[in-house]
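See structure below.
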Amino acid sequence: MIPVPTGVRVWLATGHTDMRKGSGGLSLLVQETLQRDPHSGNLFVFRGRRGDLIKVLWYDGQGLCLFSKRIDRGRFLWPSPADGTVAISTAQLGYLLEGIDWRNPQQTWRPTAAG
10 MIPVPTGVRV
20 WLATGHTDMR
30 KGSGGLSLLV
40 QETLQRDPHS
50 GNLFVFRGRR
60 GDLIKVLWYD
70 GQGLCLFSKR
80 IDRGRFLWPS
90 PADGTVAIST
100 AQLGYLLEGI
110 DWRNPQQTWR
120 PTAAG
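For what it's worth, my numbering labels the leading residue of the sequence shown as 10, then goes sequentially.
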């Protein structure tokens, strides 16, 4: 997991993105499409057309970092382009990276009554 400092916002770029883009191309998308500063220290997350690959752009204070993850089975759940830019919490980003529905995570463990 990315060591995310407190107070950092996570922005999802809705729709799909050309995953051939590197840090420069994604940085330009952040500026022009999301209307955000890519050097703000916030995380910007992009998903490819097939839905099995995401890229995260982050400025760590020294330079732009580009992280990617390809999921083996299934797809990353993503908001529709009609939703516009979506901000999520760092906890929701953790769910997203694990392939869990970040909009409505379900607890799998239930306490049992002692007796």
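Ideal Cβ positions, reconstructed from N, Cα and C, are used throughout, including at glycine.
For residue i, which residues of its own chain have a beta-carbon under 8 Å away from its beta-carbon, when the five flanking residues on both sides are left out?
i: Leu43; result: Trp20, Ala22, Phe53 and Thr94
Does the distance from the C-beta atom of residue i to that of residue j stay below 7 Å?
i: Asp110; j: Leu86; result: yes
i: Lys78; j: Ile97; result: no
i: Thr99; j: Val13; result: yes
So, for residue i: in the same chain, excluding its five sequence neighbours on each side, which residues have a beta-carbon less than 7 Å away from its beta-carbon?
i: Gln101; result: Trp111
i: Ser36; result: Pro47, Leu66 and Leu73
i: Gly18; result: Note on identity: in this sequence residue 18 is Arg, with Gly being the wrong assignment. Asn51 and Ala96, listed in sequence order.
i: Gly60; result: Arg84, Phe85 and Trp87
i: Ser25; result: The amino acid at residue 25 is misidentified as Ser; the sequence shows His. If we look at His25 and ignore the five residues flanking it on each side, its Cβ neighbours are Arg56, Gly57 and Arg58.
Out of the options, point me to the one whose CA is closest to residue i's CA.
i: Arg29; options: Pro47, Pro90, His48 and Arg58; result: Arg58
i: Tyr104; options: Ile80, Asp27, Glu41 and Ala91; result: Ile80
i: Pro4; options: Gly16, Arg56, Glu41 and Gln40; result: For the chain, the structure presents residues 10 to 124; residue 4 sits outside this window and is missing.
Under the assumption that residue i contacts residue j (Cβ atoms under 8 Å), give the Cβ distance between them as a whole number of angstroms.
i: Gly50; j: Gly83; result: Contact doesn't hold; Cβ gap of about 30 Å is too wide.
i: Gly31; j: Leu75; result: 7 Å
Sort out for me which residues DSSP pairs residue i with in a bridge.
i: Ile63; result: Arg56 and Lys78
i: Ile97; result: Val19
i: Leu73; result: Tyr68
Excluding the five sequence neighbours on either side, which residues of its own chain have a C-beta within less than 6 Å of the C-beta of residue i, listed in chain order?
i: Arg45; result: Val39
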